[in-house]
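Numbering (this note's numbering), first residue to last: 10 to 107.
Every residue, glycine too, gets a C-beta built ideally from N, C-alpha and C.
Let me begin by presenting the structure, written as structure tokens, before commenting on it.
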């Protein structure tokens, strides 16, 4: 959990993807997130967090639906949504908070 605090305190947007390997929607997001990461380059970070391996964190953040996407900047959550999103929407959201 202390690493999570360091991670989200960055001054650039951090897009978190809470997923599991067995969830079809989560798997569908992998390619989208690769595109987003390529598009934003070093202006933001895209980080995938496996809910099965990080149960405490997922529970603390009340992750229920998968995938759940969040954007943090400077330690504050600035956006959150469950379900699939398209790359252009995510790139736009990241740009808003860059």
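By a C-beta neighbour count over all protein chains shown, 10 Å radius and 16 as the cutoff for buried, is residue i buried or exposed?
i           : result
residue 104 : exposed
residue 53  : buried
residue 40  : exposed
residue 37  : exposed
Might you give, ordered along the chain, the residues of its own chain that have their beta carbon closer than 8 Å to the beta carbon of residue i, omitting 5 neighbours on each side?
i          : result
residue 48 : 96 and 100
residue 29 : 35, 59, 60, 61 and 75
Grab me the residues of residue i's own chain with a C-beta within less than 6 Å of its C-beta, minus the 5 sequence neighbours each way, in chain order.
i          : result
residue 84 : 17 and 18
residue 89 : 79
Less than 8 Å separating the beta-carbons of residue i and residue j?
i          : j          : result
residue 24 : residue 55 : yes
Under the DSSP definition of a beta bridge, which residues are partnered with residue i?
i           : result
residue 85  : 82
residue 104 : DSSP lists no partner for residue 104.
residue 27  : 58 and 77
Can you list, in chain order, the stretches of the beta strand (DSSP E) that have 3 or more residues and sit fully within the segment 30-61?
Listed in chain order, the complete beta strand (DSSP E) runs (minimum 3 residues) inside the segment 30-61 are 54-59.
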